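Residue numbers (our numbering), protein chains in the order written: chain F, 1 to 258; chain L, 1001 to 1222; chain S, 2001 to 2222; chain U, 3001 to 3240; chain A, 4001 to 4240. Okay, so here's the structure we're looking at.
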Amino acid sequence: GGDDSSSSEEGSSTEGGGSDLNLLEEGKFTTASSGLYKPFSFEEGGNLDGFDIDIGNAIAEEMGLEPNPVTTPFETIIQGLNTNRFDAIIGSMSKTAERAEQVSFSDPYYYSGGAIFVREGTTDIQSVEDLTDKKIGVVGQTTYDTVAQEYTEDIQYYSSDVVALQDLAIEGRLDAVITADVVGFEAQNEGLAVEMIGDPLWVEQPSIAVRKDDEALLEEINKALDTIIENGTYDEISQKWFGRNLLDIDLEGVEVLE
Amino acid sequence: MPEIITTVYDVFMRTYPGFLEATVVTLQLTAIGVILGTVIGLVFALMKISGSKILQAIANIYITIIRGTPLIVQIMFLYFGIVELYTMSNFWAGAIALGVHNGAYIAEIFRGSIQGIDPGQREASMSLGMDRRQTMSRIVFPQALRRSIPPLGNQFIITLKDSSLVYIIGVAEIFSLGNREAAQSYQPFESFLVVALYYLVLVMIFTFLLRLYENKLDVDRA
Amino acid sequence: MPEIITTVYDVFMRTYPGFLEATVVTLQLTAIGVILGTVIGLVFALMKISGSKILQAIANIYITIIRGTPLIVQIMFLYFGIVELYTMSNFWAGAIALGVHNGAYIAEIFRGSIQGIDPGQREASMSLGMDRRQTMSRIVFPQALRRSIPPLGNQFIITLKDSSLVYIIGVAEIFSLGNREAAQSYQPFESFLVVALYYLVLVMIFTFLLRLYENKLDVDRA
Amino acid sequence: MIIGENIHKSFGDLEVLKGVDLHVKPQEVVVLVGVSGSGKSTLLRCFNFLEMINDGKITIDGHTVNPKKDNLTKIRAEVGMVFQHFNLFPHKTVLENVIEAPITVKKMKKEAAKKLGTELLEKVGLGDKANVYPSKLSGGQKQRVAIARSLAMQPKVMLFDEPTSALDPELVGEVLQVMKQLAEEGMTMVVVTHEMKFAKEVADRIIMIDEGKIIESADPKNFFENPQNERTKQFIQLVE
Amino acid sequence: MIIGENIHKSFGDLEVLKGVDLHVKPQEVVVLVGVSGSGKSTLLRCFNFLEMINDGKITIDGHTVNPKKDNLTKIRAEVGMVFQHFNLFPHKTVLENVIEAPITVKKMKKEAAKKLGTELLEKVGLGDKANVYPSKLSGGQKQRVAIARSLAMQPKVMLFDEPTSALDPELVGEVLQVMKQLAEEGMTMVVVTHEMKFAKEVADRIIMIDEGKIIESADPKNFFENPQNERTKQFIQLVE
Ligand SMILES: Nc1ncnc2c1ncn2[C@@H]1O[C@H](COP(=O)(O)OP(=O)(O)OP(=O)(O)O)[C@@H](O)[C@H]1O
Ligand SMILES: Nc1ncnc2c1ncn2[C@@H]1O[C@H](COP(=O)(O)OP(=O)(O)OP(=O)(O)O)[C@@H](O)[C@H]1O
Ligand SMILES: [Mg+2]
Ligand SMILES: [Mg+2]
């Protein structure tokens, strides 16, 4: 039985091994994203990749855990978390007051602007007010969904912002899509004929979400996040995907969505 | 046209490692769904022919509910609805949903096969002095089982296609992968064509095997 | 348990205005899907019994592809895949996908009904001097059509459930609404129960109407 | 009236008729007998062009039929056929069954057809069943309607393929009675039947088919009392 | 040997047997006749307890059966039954058909059962078909296997329900031959049949059932030459 005891000792001696963190699988940090949100999370030939995934990996490593990113539709991602399907959401979910009633959020791990996109050459939408009664495409249960509902009843729902943008590029389907500026820019890079209207309307704070009672885990995550921001890992990842540091933004004078 | 063939080929070549893994998941879901469904179906079929009014009523309610609601609703209900009772992984929730769903259809397959056996078989058996149990186990069941295999094979093929719906709870099967592929590559036409091809080939393979088996049965009996 | 009933009732009362609208959409999708499917099915059934090898081959390819791939893939392909050929709204893409899908199944219903007519009917008709066309239009078709109505009714019920899949392209039918309701109210159990109830009631109503019609047929013929 | 010469018919590799010669004279009643699978039905079906012969020729009322050139539809209308399983049209009433072909094929006026149909139904003893659907009839009644339906096209010859085999024994008589009456009125008839009593009473000639060939052809008396062929003898023993 | 007294049997509102009394003596051969629907099959099925009678009593070999208390399975095994449509077990070979019941019901050793089965198959002239599946047999052969299968349980009485009605006419003889042989060996038999020649030759008594009642019971000579009941006279005319 000597083997057994030595191996279990090894497990618990690992730094932050997570046995007190109420993890789904011992030693593994299981995190969810939609996988349909390029460039933050997407799958290529069966491999999950993107900014969110890299951040998750870095944080897991920092906590001494094996990263285990999974995907689940965004509409049901909070239900998934609260029904113990994974340990945390690292899926570009912005912190809002409403969501904060269901889950606990970490410090933001990037800032992004909520923006209106239209098909290239569209003239009748110049500002957010022009969205009134227009046909808007959004992903259900996003912050963009909430905004869209303020302006119109004619909303078409998608599981993926990227797909909504693809649909926007097709003549005759949608008038506008509300999504994150970076996601729209990525689509533009891919050759989609869409463009952003004006500046981002507001700034959101995508954060890592955990179950309300997982306070120890949240603390560990915040610690790990601080560490990777300080030691340059974060910057490396952000540069890799966007050529800039997403946290590097002047919050002076812009609306921050809560 | 040839350009499309090239791009489809490119997408196929680029994605096949992932798709092969997803195919394994699809086949696992299908197999578990059918096996579980067969067990459930057998139980409910026996309840339906049991003669007990209560058991019959239970079986009828089960079958009515399952056949009266879409599979996708059943999947969601099982995965998100009943978590307070029991929490399962998305793969198992999907497989069990497929099994529970199939159970109702397979119950009807078994019931149909059993009731489809010429009543003369039962009468001949009884008139020879065999009791109900012997008649069932030695005369009716063996014939009914044989008769059930083609529709069960068919149900397997239906399940293969139905398994695409568990993408909604995030199981990485063929359709779910194709969906992501379509979103990230900005090539929906090619991606869904590749997805369709995977299913078509799988369905054709199993249809072929089923035919082979049916022919063998025919030959055995001729 | 009583608590659950209360919360389900609450969710039902809170959501029914939206769900009634969604039910109309579901029924529209279903009706268009079946009508379109019937037209397509009739054409392909005629092709299959036409005797022309080419027409038969075309019909077989169509039927094999549609029956060999999941409906959800067909919906995605039609909506996102072929936009370069033709762009349609999500409602029409969904309805047409259902129609195209049904077409293959309904073609088999018609073909089965026609081939199920006792060859003796054709022979009696021919022996009286009627030509092929007269035999088809006056003797075989009227009987085949009548025989097709129960399986067509069944197909209607299948389509009612299948229409839940167009939620994936954002059509606001019952399931799609229920899905959003579940997510935003954080009451998945109650929401999906309500969704299941809507479908169950619809299916039971149409099953009842179908039975009524079948009984009427039986009485007419007895 | 109807002449078959050297009729050959195969289904795939199976040669069912191996050179049959059969001359049926006007007003003659010929009964065909033979064991199951000997080709009796096939022969009748060839005479009605429901099957196409592979070799030989068929002459109806002096006209040798060329299946490639002739309008078979018209020729079929001249040859009535009554089937073992009646094959009434279930979606039409008894009268509609009878008048269907006169109206669609002969373009007879509906009124005239109805008059003819009613007369024929009375002839077979079913005047009161005109507006009933076939499912309401007994087997014997169904077969009598089928005979009336066939007669409505005023055929030159009538073919009967085991018209009483599907009937309960007590219903056989009523159908044979109608057939007997037809024979007495001078209808040319070819009848496949196992009713030996009918054959003895009504047939002008009985023909035995065996493995696709005619092996015996004689008037009833000679057929039963003095069969030439060994197989005929066996057959008579079996069915008597 | 088998005695039915005042047998009543209804299906729902339809009273099919309205007080039938039938005493079959050991080694007696009784032929039952009657028009379709008169209740012949139902009577046989009551004797075999495939249907439960509503009133009256049935005595088999001196024992009056009480369906509530007796082991019906055992009683059924004592009464052999041969059906119109043979009802052979298609998933078993001819020999397996014959030895199934001796092995499962009588717990006979497989070797002994095989020996018995082979003997019985030889008796009905099918010794060479032991290992063939029923689908390979002609109708007449199937019915002979069914008889052998029934005999394998060594029943005290055998019931035949139109055993030759589903057969092509040339196959009827071989089955009747086997039945005749059984009768000669002294088997007690109740036979529903339309084969009047068989009835005349083999029956000790012919019984006419009409609308659920016995209306005539006589030896063949008297039955045919001197029927008492008007309905019997009609029936004889129809089937003769
Ligand atoms: N359409 C067909 N295709 C293939 N074989 C056929 C076809 N019709 C008949 N046969 C075969 O031809 C042979 C003769 O059949 P036919 O029906 O003429 O016999 P029959 O003398 O009428 O017999 P029965 O008394 O059973 O009606 C049989 O072996 C039968 O299986
Ligand atoms: N299981 C049943 N349920 C209801 N009615 C039945 C049942 N079995 C028989 N009958 C009815 O009982 C009557 C007598 O039937 P039975 O089969 O005994 O007649 P039969 O004399 O054998 O006639 P056949 O010569 O047609 O075989 C018929 O009217 C039949 O419809
Ligand atoms: Mg024939
Ligand atoms: Mg009977």
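By construction, the Cβ of each residue, glycine as well, lies at the ideal position given by its N, Cα and C atoms. Computed from a prediction, not measured in an experiment: that's the story for all the values here.
heavy atom of ligand 3 below 8 Å from residue i C-beta
i       : result
S/E2123 : no
U/V3082 : no
U/S3041 : yes
L/V1073 : no
Contact test: residue i Cβ vs ligand 2 heavy atom, cutoff 8 Å
i       : result
A/E4216 : no
U/D3210 : no
A/L4022 : no
A/K4110 : no
U/D3168 : yes
A/V4192 : yes
A/F4235 : no
A/S4038 : yes
A/F4011 : yes
8 Å Cβ cut-off: residues of chain S touching residue i
i     : result
F/E75 : N2179, R2180 and A2183
Neighbouring residues, chain L, relative to residue i (Cβ below 7 Å)
i       : result
S/N2068 : Per the sequence shown, residue 2068 of chain S should be read as Gly rather than Asn. Correct list: Y1199, L1200, V1203 and M1204.
F/S160  : A1183
Under 9 Å between C-beta atoms of residue i and residue j
i       : j       : result
F/T71   : L/G1170 : yes
S/D2010 : S/E2181 : no
A/V4030 : A/D4168 : no
A/D4210 : A/N4229 : yes
F/A179  : F/Y144  : Position check: residue 179 of chain F holds Thr in this sequence, whereas Ala was assumed. In contact: F/T179 and F/Y144 (Cβ atoms closer than 9 Å).
S/I2072 : L/F1175 : yes
U/V3243 : U/G3212 : Outside the displayed range of chain U (3001 to 3240) lies residue 3243 of chain U, so it cannot be described from this structure.
F/M63   : F/A209  : no
U/I3003 : U/I3075 : no
L/V1194 : L/L1029 : no
L/L1172 : F/F42   : Correcting the residue type first, residue 1172 of chain L is Ala in the shown sequence and not Leu. Not a contact, by the Cβ cut-off of 9 Å.
beta-carbon residue i near ligand 1 non-hydrogen atom, thresh 8 Å
i       : result
U/E3162 : yes
U/L3014 : yes
U/F3086 : no
Ligand 4 heavy atom lying under 8 Å from the CB of residue i
i       : result
A/V4035 : no
Per-residue contacts from residue i into chain U (C-beta, under 8 Å)
i       : result
A/F3961 : Past the edges of chain A, shown from 4001 to 4240, lies residue 3961 of chain A, and the structure says nothing about it.
Chain-ordered chain U contacts of residue i [CB-CB under 9 Å]
i       : result
A/G4173 : Q3237, L3238 and V3239
Per-residue contacts from residue i into chain F (C-beta, under 7 Å)
i       : result
L/I1090 : The sequence as given places Asn at residue 1090 of chain L; Ile does not occur at that position. Residues of chain F passing the Cβ test: R85.
S/P2188 : Q79
Contacts of residue i in chain U (Cβ-Cβ under 7 Å)
i       : result
A/E4216 : By Cβ distance, chain U contributes nothing, its closest Cβ being about 15 Å from A/E4216, past 7 Å.
S/G2120 : F3083, H3085 and N3087
Residue-chain proximity (residue i, chain B), Cβ-Cβ < 9 Å
i      : result
F/D167 : The question asks about chain B, but that chain is absent: this structure's protein chains are F, L, S, U and A.
Chain F residues whose Cβ lies nearer than 8 Å to that of residue i
i       : result
S/S2176 : Y157
Residues, ordered as in the chain, of the region 2124 to 2142 of chain S that lie near chain U by beta-carbon distance below 7 Å: A2124, M2126, S2127, L2128, G2129, M2130, D2131, Q2134, R2138, I2139 and P2142
What are the residues in the region 35 to 47 of chain F lying within 8 Å of chain L by C-beta distance? G35, L36, K38, F42, E43, E44, G45, G46 and N47
**Study point:** Within 7 Å of chain S by C-beta, residues of the region 1007 to 1025 of chain L in sequence order
**Key:** none
task = Report the residues of the region 1157 to 1170 of chain L with a CB closer than 8 Å to any CB of chain F, ordered along the chain.
result = I1168, I1169 and G1170
For the region 4178 to 4206 of chain A, which residues have a beta carbon sitting closer than 7 Å to at least one beta carbon of chain U? H4194
**Message:** Beta carbons nearer than 7 Å to chain A: which residues of the region 3157 to 3168 of chain U have them?
**Reply:** D3168
- At what residue ranges does the region 2084 to 2127 of chain S contain a whole run of the alpha helix (DSSP H), taking only runs of 4 or more? 2090 to 2116 and 2119 to 2127
*Of all the alpha helix (DSSP H) runs that stay within the bounds of the region 68 to 107 of chain F, which reach a length of 4 or more residues?*
77 to 82 and 97 to 100
Scan the region 4026 to 4046 of chain A for residues whose Cβ lies nearer than 8 Å to a Cβ of chain U and list them as they occur along the chain.
V4035 and S4036
Checklist entry - Just by C-beta distance, which residues in the region 120 to 146 of chain F are closer than 8 Å to chain S? => result G137, G140 and Q141
Legend entry - beta strand (DSSP E) segments (min. 3 residues) lying fully within the region 4122 to 4168 of chain A: 4157 to 4161
| Just by C-beta distance, which residues in the region 1057 to 1081 of chain L are closer than 7 Å to chain F? | F1080
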